[in-house]
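Counting in my numbering, the sequence shown runs from 1 upward without gaps. We put the beta carbon where it would ideally sit given N, CA and C, even for glycine. Predicted model only: the values in this text are computed from it and were never measured.
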Amino acid sequence: MARNGDETGAGGESAGWLGHVCARLRARTISLNARTVDATDGDSAGRWRELLAGAGVKSAAVAGQGIFRDAASDALVREAFFDQAAKTWRLIVPDFGVLEGPFLVAALEYAGEHAGEATFAISLASAGAIGFSAI
């Protein structure tokens with residue numbers, strides 16, 4: 001399930017999740033990445049590579065396809081794409097966990113049959129610190 005929104009109330013204080021459920025994704029791919037920083041030098045034991053713990057850049061990418069819940073959901077995601085501003089997303093993956101944080105809509109595709117439902121495909125790219133909580 002993909003939710004778009006924020007966690008602030010009037011005046012910027014925390015007010016719990018104020019998001020909008022946009023869609024239930026039928027297929028999804030979640031990529032969590034952390035680049036490594038090579039700290040190997042001439043004094044490294046046996047000349048084996050040494051990596052600097054916790055120094056690499058982390059990123060998350062999410063891709064999926066589904067059907068929007070309603071026209072308002074479609075409009076929110078389309079607006080996020082065209083604005084190219086980081087929006088707070090909460091991505092709930094059953095039996096896995098919840099990813100939450102700022103994402104940019106990197107790609108948005110629409111498809112459909114002549115007499116069928118319209119579907120969409122979306123790719124989100126992390127744009128800041130992403131939190132994870134297990135379900």
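- With a cutoff of 7 Å on beta-carbon distance, Gly66 and Glu100 are scored as not near each other.
- Considered as a whole, the stretch 37-112 harbours 58-68, 87-93 and 97-112 as its complete beta strand (DSSP E) runs of no fewer than 3 residues, in chain order.
- For Ala118, the enclosing beta strand (DSSP E) starts and ends at Ala118 to Ser126.
- CA-CA distance, Leu91 to Gly128, rounds to 15 Å.
- Look at Arg28 here: in three-state DSSP terms it is strand.
- Leu32 counts as exposed, since fewer than 16 other C-beta atoms from the protein chains shown sit within 10 angstroms of its C-beta.
- Remark: C-beta atoms of Ala125 and Leu108 do not approach each other more closely than 7 Å.
- The C-alpha of Pro94 lies about 44 Å from the C-alpha of Ser44.
- Rounded to whole angstroms, Lys58 and Glu113 show a C-alpha spacing of 38 Å.
- Secondary structure at Ala115: coil, using DSSP grouped into helix, strand and coil.
- Using a 10 angstroms sphere on the CB of Ile122, the tally of other CB atoms reaches 16 or more, which defines it as buried.
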